Every structure is written in structure tokens, then in C-alpha cells.
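*Asks:* Take this structure first; my questions come after.
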Amino acid sequence: MRGRAPEKLLGTFHPVNLDVYLDRRHDKKPEVLGEWDDQPTLMEMTEAALKVLESNDDGFFLMVEGASIDKMEHPLDGPRAVYDTIELDQAVGVAKKWAEGRDDTLIVITADHNHSMSIVGTHDRREEEGREANGVYGDSTYPTYSDEDGDGFPDDPNPDVQLFFGWSNHPDHTDDFQHNDVFLEPALTDENTGEAVDNPERDPDAKLQIGNLPGSQTNCVHTVEDVSVFASGPGAARFNAVLDNTEIFFGMIDALGVDARD
């Protein structure tokens, strides 16, 4: 945003979900983006929102969501989920920079649920392929991601040694444990049986991973572990130890000086 910020701001950048960061800002394939090739980053949208809201003398509440982290974990796409996680982290950095030197800004970071994805080790395809290239414990080595342009994102999502993503629940699907240049669902619904079957186009030469979900599930599902909550600024002390999720609301209301009974 240039010049004086407006009093109100509405941004619409895509008819459905924005493309994920890896497709939107890294790969930039025309066949993926179509005519929507100028979608902003979460950092840019956060900065624009703050410029509008900061003129409110009564204070404000701003919610920023990295929504596609979840959307990419459901179809077992670890690299795309990681790039969007980095994007969310950088958006938090925008908010923290804006709040520097202020004593009136509470920043809270959390998630609405956990997910099936874990980082198990590294996938090293310099000598092996497929499952045999997955290293765990002492056989896991350092990944070879690099960031030569200094933007905070890996220059190449598919280096020789990359993160090995594991999934605690999943449908039947093949997995070569590498980044797919084009997003594809891991499983599809059979029109005749209604059951989930491996998507033959995603990793056609990989070994089948037998699923553990009900037969109709084509994606992995949420899990029930606790999630972390982090906070800084006035009122941050309330976000400590183990909390019921409803306490997040009351902590923010208290910081805003609002009576929750009103």
C-alpha cells in the first residue's frame, strides 16, 4: 500500500482459495496460476491490514491465518505445507516488527488442531530411491536445502537430501517421498465402489503405502494432540502452561480491556 491508508480495505485475489506459497511465489507455473498470477503473500496482507487498523485510536483485533498449512497436510503434501508454515512465520514477524517499542500490543500464535504430519528424518536420494532413501535416527543426515537469495524459503523444495515426512493416518497411496511439481491428490474416490483408491498419476513408480483410515477417506484427518500457544506483549502471562481452548478467548478479551459479560 502506498500513500495514506484507507479507512476500510477489502482484498479479493482469487475466486476460491489462494494458491499455496510454493505454487504462487516459487514455481509460478502459468498452468497452475492461470490469470491469478499476482496473488499477495500473507506478509503483504498482514502489513496492509495493520496500516489500515493502526489509525483506530480505540485499538483493534486482527486475525491472520495460514489456512493452507492444513489444506496441504490433508492430501499428504509435506513440502507445500512447510512453505506455507514459513510464510505464516514471516507474517508473525511482520506483526512483531510493527509492535516493536509499543506497550499496547498482544500477539498470540496458536493452531485450531493438530495434524497427521510428522518430520521423521531425512530422505537422501544420492544413493537410494524410495523408502530405502529414508534415514532415521543415526542414519538421518542434514538436509541440503539452501537459501541463496535470503528470502527465508528454500531455493529448491526438492534437493538431494530433504525432509522425510511421515503420516500417522492416511489412505492407500503411493509415495516416492519427494516434492511433486504439480499438486495432486494422493487418493481418489472409485465411482463404482465409493472407496478411496491410489491416484495413479501422483507417484506412479513408488511403492504402495497401505492405509489405516476407513475405506472412503481420500485424505488424512486431524489428530487430537494438544497444540502450542505462544504470546508476547501485555497479557501474555495468561497464555502459560496447559489451557482449555476457550481460555484463549478470555485472555484476548482481558488484554483488550473488554468485559466478556457484555
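Residue numbers for the sequence shown follow our numbering, beginning at 1299 and rising by one. By construction, the Cβ of each residue, glycine as well, lies at the ideal position given by its N, Cα and C atoms. Fair warning: this is a prediction, and the values are worked out from it, not measured in the lab.
Opposite L1316 in the DSSP bridges: which residues?
*Replies:* Looking at the DSSP assignment, L1316 forms no beta bridge with any residue, so it has no partner.
*Asks:* Would you kindly report the start and end of the unbroken alpha helix (DSSP H) that includes F1548?
*Replies:* Element bounds for F1548: T1544 to L1554.
*Asks:* Extract the residue ranges of the beta strand (DSSP E) inside the stretch 1372–1460, only unbroken runs of 3 or more that lie entirely within it.
*Replies:* Whole beta strand (DSSP E) segments, 3+ residues: 1405–1408 and 1415–1422.
*Asks:* Between the Cα of W1400 and those of E1363, P1532 and V1390, spot the shortest distance and give me the residue it belongs to.
*Replies:* The question names Trp, but residue 1400 in the sequence shown is Arg. The shortest C-alpha separation from R1400 is found at P1532.
*Asks:* Let me know if I1367 comes out buried or exposed under the rule of 16 or more other beta-carbons within 10 Å of its beta-carbon.
*Replies:* I1367 is buried by the Cβ-count criterion.
*Asks:* Find the nearest neighbour of R1494 within the set V1314, D1317, P1373 and T1344, judged by alpha-carbon distance.
*Replies:* Here residue 1494 turns out to be Ala, not Arg, going by the sequence shown. Minimum Cα distance to A1494 is reached at P1373.
*Asks:* Which same chain residues end up closer than 6 Å to I1417 when comparing Cβ atoms and leaving out the 5 residues on each side of it in sequence?
*Replies:* The answer, listed in chain order, is L1461.
*Asks:* Is the stretch 1399–1415 touching the stretch 1535–1555 in the sense that three or more CB pairs, one from each, lie closer than 8 Å?
*Replies:* Touching, yes, given that three or more Cβ pairs across the two stretches are closer than 8 Å.
*Asks:* Can you give me the C-alpha to C-alpha distance between D1496 and W1396, rounded to a whole angstrom?
*Replies:* Straight-line Cα distance between these residues: approximately 46 Å.
*Asks:* So, D1422 versus V1380, is the Cβ gap smaller than 7 Å?
*Replies:* Result no, Cβ atoms of D1422 and V1380 do not sit closer than 7 Å.
*Asks:* Buried or exposed: F1463, going by 16 or more other Cβ atoms within 10 Å of its Cβ?
*Replies:* Classification for F1463: buried.
*Asks:* So who's on the other strand from W1465, going by DSSP bridges?
*Replies:* In DSSP, W1465 forms a bridge with M1415.
*Asks:* Taking the Cβ atom as the reference point for each residue, do A1389 and L1340 lie within a distance shorter than 7 Å?
*Replies:* Yes. Within cutoff.
*Asks:* If I'm right that H1477 touches P1455 with Cβ under 8 Å, what's the distance once you round it to whole angstroms?
*Replies:* H1477 to P1455, Cβ: 4 Å. Contact.
*Asks:* Could you tell me which residues DSSP puts in a beta bridge with H1471?
*Replies:* Answer is Q1507.
*Asks:* Tell me which same chain residues have a C-beta within less than 7 Å of the C-beta of D1453, skipping the five on either side of it?
*Replies:* Once the five neighbours on either side are set aside, the close Cβ partners of D1453 are S1444, D1445, E1446 and D1447.
*Asks:* Comparing alpha-carbon positions, which option in E1385, E1352, K1327 and G1492 lies nearest G1513?
*Replies:* Looking at the Cα atoms, G1492 is the closest of the given residues.
*Asks:* Contact check, G1433 vs A1504 under 8 Å by CB: the rounded distance?
*Replies:* Incorrect: roughly 17 Å between the Cβ atoms, too far for contact.
*Asks:* Considering just the uninterrupted stretch of the alpha helix (DSSP H) at A1535, what are its terminal residues?
*Replies:* No alpha helix (DSSP H) contains A1535, which DSSP labels as neither H nor E.
*Asks:* Under 8 Å by Cβ, that's how I've got V1258 and T1344 pegged, so tell me the actual separation to the nearest angstrom.
*Replies:* There is no way to answer for residue 1258, as the model of the chain reaches only from 1299 to 1560.
*Asks:* When we look at the beta-carbon of F1475 and count the other beta-carbons within 10 Å, is it buried (16 or more) or exposed?
*Replies:* F1475 is buried by the Cβ-count criterion.
*Asks:* Leaving out five residues before and five after S1530 in sequence, what residues of the same chain have Cβ atoms less than 6 Å from its Cβ?
*Replies:* If we look at S1530 and ignore the five residues flanking it on each side, its Cβ neighbours are I1405.
*Asks:* What are the boundary residues of the beta strand (DSSP E) that L1486 is part of?
*Replies:* Residues A1485 to T1487.
*Asks:* For H1324, which option in P1313, E1333, H1312 and Q1337 has the closest C-alpha, if you only look at C-alpha atoms?
*Replies:* For the residues P1313, E1333, H1312 and Q1337, the minimum Cα distance to H1324 belongs to Q1337.
*Asks:* Can you give the beta carbon distance from T1521 to E1483, rounded, assuming they're within the 8 Å contact cut?
*Replies:* So it is not a contact: roughly 20 Å between Cβ atoms.
*Asks:* Quick one: what's D1496 bridged to in DSSP?
*Replies:* D1496 pairs with A1485.
*Asks:* Taking buried to mean at least 16 other C-beta atoms within 10 Å of its own C-beta, is G1357 buried or exposed?
*Replies:* Exposed, by the Cβ-count rule.
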